[in-house]
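Numbering (our numbering), first residue to last: 1390 to 1591.
Note that CB positions come from ideal geometry on N, CA and C, so glycine has one too.
All figures in this text were calculated on a predicted structure; none of them were measured in a lab.
Below is one structure; the comments refer to it alone.
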Ligand SMILES: C[S@@+](CC[C@H](N)C(=O)[O-])C[C@H]1O[C@@H](n2cnc3c(N)ncnc32)[C@H](O)[C@@H]1O
């Protein structure tokens, strides 16, 4: 049986090995991140968390959306990814937190939105973990689950086949989100982007 710390160790080893090259591997994704962030509907002064922020690729767009009076946080479990974020100067756009998104050091209902790119597939308990993301968002706040590559294109790149039990298949994700207290409001799965949006129910 795997325990939580096995999962953490696995995630940290996987991303530590990739941290230094992460941004170089995907140099053209910036506009896709900015377009996905725009869908959150953030306003000047808003408060947003990038969950599993990695090297902080979404932080500049999140900061631009909420302005200097807003709050931008980036949370990640892998120190090497956060070091790369700081090296790239993205700690100027958001405060970097070394933490597990399964237990966030944040007050309940303190945020307007959570942005999570490439995160959900790495969560050991996705239902529980989505519920923790819900805890920190105010009623009516928004969650974006994003990936700059669609499911089919990603599976092809990784040399695997898409199966009906895929966590991010629309019916599976809708049910998962509903069970965690989110209402899925839109779902797009194209070659060049995956984006599911959900609203926190009251
Ligand atoms: C595929 S990378 C995506 C990074 C970044 N969001 C991006 O789009 O470039 C997934 C990130 O999630 C982080 N992660 C995975 N599980 C996590 C958890 N339970 N809590 C916090 N971060 C986690 C990993 O360390 C990694 O940096």
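Item: Which residue's Cα is closest to the Cα of residue 1591: 1529, 1445, 1452?; Value: 1529
Item: May I ask you to report which of helix, strand or coil DSSP gives residue 1583?; Value: strand
Item: Measure the beta-carbon distance from residue 1447 to residue 1422 and round it to whole angstroms, keeping in mind my assumption that it falls under 8 Å.; Value: 5 Å
Item: Work out the CA separation of residue 1539 and residue 1546 for me, nearest whole Å.; Value: 11 Å
Item: Tell me, please, which residues DSSP counts as bridged to residue 1394.; Value: Answer is none; residue 1394 lacks a bridge partner.
Item: With burial defined as no fewer than 16 other Cβ atoms inside 10 Å of the residue's Cβ, what is the status of residue 1473: buried or exposed?; Value: buried
Item: May I have the straight-line CA-CA distance separating residue 1568 from residue 1589, to the nearest angstrom?; Value: 12 Å
Item: Would you call residue 1553 buried or exposed, if buried means 16 or more other Cβ atoms sit within 10 Å of its Cβ?; Value: exposed
Item: Could you please give the first and the last residue of the uninterrupted beta strand (DSSP E) stretch that includes residue 1436?; Value: 1436 to 1440
Item: Spatial neighbours of residue 1477 within its chain, please: CB distance less than 8 Å, with the 5 preceding and 5 following residues excluded, ordered by chain position.; Value: 1412, 1444, 1445
Item: From the DSSP output, read off the bridge partner residues of residue 1504.; Value: 1439, 1533
Item: Could you check where the alpha helix (DSSP H) with residue 1426 kicks off and where it finishes?; Value: 1419 to 1427
Item: Does ligand 1 have even one heavy atom less than 6 Å from the beta-carbon of residue 1461?; Value: no
Item: Do residue 1435 and residue 1459 have their C-beta atoms closer together than 7 Å?; Value: yes
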